[in-house]
Amino acid sequence: MQLIEHSDSPRYVRLHDDDNVVVVVNDGGLGEGARFADGLTLIEGVPQSHKVATVSIAKGEPVRRYGQIIGYALEDLRQGSWVQESQLAMPAAPELDSLPRCDAVPQPLPPLEGFTFEGYRNADGTVGTRNILGITTTVQCVTGVLEHAVKRIRNELLPKYPNVDDVVAITHSYGCGVAINARDAYIPIRTVRNLARNPNLGGEALVISLGCEKLQASQVMHDNDPSVDLSDPWLYRLQDASLGFVEMIEQIMDLAETRLKKLDQRRRETVPASELILGMQCGGSDAFSGITANPALGYAADLLVRAGATVLFSEVTEVRDAIYMLTSRAENQDVADALVREMDWYDRYLQQGAADRSANTTPGNKKGGLSNIVEKSLGSIVKSGSGAIQGVLGPGERANRKGLIFCATPASDFVCGTLQLAAGMNLHVFTTGRGTPYGLAMAPVVKVCTRSELAQRWPDLIDIDAGRIASGRSTIEELGWELFHYYLDVASGRKQTWAEQHRLHNDITLFNPAPIT
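Dropping the structure here:
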């Protein structure tokens, strides 16, 4: 990465020697006539994070960023001009049947030993970073009653059990009025089931059902599930109540107190860093995402994998256009095939809705300098670091091995977060360029911004400022190590993220591609 420095002069970032566009670094952008240290001069004003042509690019010629083609010029682009979305034709998505596979598998990096955090050990062998009472639901019909009960549990019962961090209602819009036996219904069903098994719930989740719904409690909890303690009563059906609403609330609170007593006896203990299951995601992205925050996450991901941890990266539409770079890094043929399988499944899913992956980019992405999904994808996959891809999870599946795992999800922030929780994530990191108050109730969310200007505007929402990389105040390596240590501190409860402190929680949002009846 080439950075034209000096805080009081025009600055840009070039990511690869082959690039013929660079990104403006200066806060507020630069005006016509601005001259960079290497002599490149703007012939028009260019906003911060937007692209400048470093040479004249003829109509039809490729425009390159990250050393890859992000588009073809629809008109002649002059040296020093602002390169915008409307001037680029987007390349076709890579053909899935001709991808390179396992041809550039990285050698394992040296193990990183001796790093630990303080966590809660669970009966199934997983470790929680928080000690939370989870109450899941089988159908949306019970949500109102449960939310009322949770308010009372939080106000009346939690103060009696100081070792329990919170109580969380795992509510959703599934369960009835759905084609429960449809081809893709397994996705929301296994998601609901695996959410209840999240390590941060300590195997003590409860289930609240209505009674007549299609998704029955037996599909959410099974007697032979080692990750959930079913030795005490764990299910309450609202239709069993004979005294109406008041009895419903009292019965839920009685069940909750039984579980709270057990959770309150748990204590943190020193565990190896290998017990961390980190989920990575980006939202409100801009052109700096692939320059600052995501590369730092990638470096930290390498450190975690070296320490034996599990690292999840996701968002199918945000890797689809760079999938050839991932299949090349696949550890073996089975992993490469699984990556292709998930891309193909999602291509067909989008086609059913008369859409394609170009629907991903938002107005905010484009205002932040991302011209199309190709450019966005190249910046997104940097989060995966440099190691071999060691496994692939379908949507709603639970991780069953350690290492660098592609967890197939939509790119929607709240759907992706939900599916990563179902995969077993016990800590989340989220990068943003435009800014978002995103958070999750079931796991701490570390918020990393791509630009220092956002960190200055939102000092009580952003945990880590990765914009320091663009200004030369930090290197990717330095920030990667800072993130690594911050993850362990947050996992140990020594630090709380801003989202935790403010109780900023997005809804659990299931991915349901099956029909609604």
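Adding 47 to a residue's 1-based position in the sequence shown gives its number in this note's numbering.
Just so it is clear, CB atoms sit at the ideal spot from N, CA and C, and this is done for glycine as well.
None of the values given here were measured: they were computed from a predicted structure.
Check: Taking only runs that begin and end inside the segment 261 to 308, name each unbroken beta strand (DSSP E) of 3 or more residues, in chain order.; Outcome: 282 to 284
Check: Among the candidates Ile-117, Tyr-113, Trp-281, whose CA atom is the shortest distance from the CA of Leu-180?; Outcome: Trp-281
Check: Counting along the chain, where does the alpha helix (DSSP H) carrying Val-493 start and finish?; Outcome: It is not in any alpha helix (DSSP H) - Val-493 instead sits in the beta strand (DSSP E) that spans 492 to 496.
Check: Relative to the alpha-carbon of Leu-262, which residue among Pro-235, Ala-252, Leu-277 has its alpha-carbon at the smallest distance?; Outcome: Pro-235
Check: Would Ala-120 pass as a contact of Lys-106 if the rule is Cβ separation under 7 Å?; Outcome: yes
Check: Under the rule that 16 or more other beta-carbon atoms within 10 Å means buried, what is Arg-541, buried or exposed?; Outcome: exposed
Check: Hey, is the segment 453 to 460 in contact with the segment 356 to 374, meaning 3+ C-beta pairs nearer than 8 Å?; Outcome: yes
Check: Quick check: the Cα distance between Gly-464 and Thr-238, rounded to an integer number of angstroms?; Outcome: 12 Å
Check: What is the DSSP secondary structure of Cys-454, reduced to helix, strand or coil?; Outcome: strand
Check: Inspect the CB distances between the segment 316 to 329 and the segment 164 to 172 and report whether three or more fall short of 8 Å.; Outcome: yes
Check: Between Ile-200 and Val-214, what straight-line distance do the alpha-carbon atoms span, to the nearest angstrom?; Outcome: 8 Å
Check: Does the segment 423 to 436 come within contact of the segment 375 to 390, defined as at least 3 CB pairs closer than 8 Å?; Outcome: yes
Check: Applying the 10 Å Cβ sphere with the 16-neighbour rule, what's the burial state of Phe-292?; Outcome: exposed
Check: Sort out for me which residues DSSP pairs Arg-82 with in a bridge.; Outcome: Thr-88
Check: Taking all protein chains shown into account, decide if Thr-564 is buried (16 or more other Cβ within 10 angstroms of its Cβ) or exposed.; Outcome: exposed
Check: Consider the C-beta atom of Glu-422 and the heavy atoms of the ligand FMN; say whether any pair is separated by less than 6 Å.; Outcome: Annotation note on the ligand FMN: not contained in the displayed structure, which lists no ligands.
Check: Got a sec? Which residues, its chain only, sit under 8 Å from Gln-187 by beta carbon, not counting five neighbours each side?; Outcome: Thr-218, His-219, Ser-220, Tyr-221, Gly-222, Cys-223
Check: The beta strand (DSSP E) that contains Lys-430, what's its start and end?; Outcome: Element bounds for Lys-430: n/a, residue is neither H nor E.
Check: By the DSSP assignment, the beta strand (DSSP E) with Lys-98 in it spans what residues?; Outcome: 98 to 100
Check: State the beta-bridge partners of Ile-324 as determined by DSSP.; Outcome: Thr-357
Check: Give the single residue among Glu-79, Tyr-485, Asp-349, Ser-145 whose Cα lies nearest to the Cα of Pro-155.; Outcome: Asp-349
Check: On a CA-only basis, which of Leu-302, Gly-80, Ala-100 is nearest Leu-124? Give me that one, please.; Outcome: Ala-100
Check: Report back the beta-carbon spacing between Gly-331 and Thr-479 to the nearest angstrom; my notes put them in contact at under 8 Å.; Outcome: 4 Å
Check: What separation, rounded to the nearest whole angstrom, lies between the Cα atoms of Glu-304 and Lys-198?; Outcome: 14 Å
Check: Could you spell out where the alpha helix (DSSP H) holding Ala-243 opens and where it closes?; Outcome: 233 to 243
Check: Short check: CB of Gly-114 to CB of His-63, under 7 Å?; Outcome: yes
Check: Would you decide whether Leu-139 is buried or exposed? Buried here means 16 or more other CB atoms lie within 10 Å of its CB.; Outcome: Reading off the sequence, residue 139 comes out as Ala, not Leu. Result: exposed.
Check: DSSP three-state label for Ile-555, please.; Outcome: coil
Check: Report the option in Pro-157, Ser-56, Gly-78, Leu-323 whose CA atom is closest to the CA atom of Ala-538.; Outcome: Leu-323
Check: Using CA atoms only, rank isn't needed, just tell me which of His-552, Met-390, Val-174, Glu-79 is closest to Thr-357.; Outcome: Val-174
Check: Output the residue ranges of the alpha helix (DSSP H) runs that lie fully inside the segment 499 to 524 and measure 4 residues or longer, sorted by chain position.; Outcome: 499 to 504
Check: Give me, in chain order, the residues of the same chain whose beta-carbon lies closer than 6 Å to that of Gly-326; leave out the 5 immediate sequence neighbours on both sides.; Outcome: Leu-359, Gln-467, Met-472, His-475
Check: Which of helix, strand or coil does DSSP assign to Gly-222?; Outcome: coil
Check: Could you pull the DSSP bridge partners for Leu-440 from this structure?; Outcome: Cys-454
Check: Using CA atoms only, rank isn't needed, just tell me which of Gly-438, Gln-266, Pro-209, Pro-153 is closest to Tyr-233.; Outcome: Gln-266
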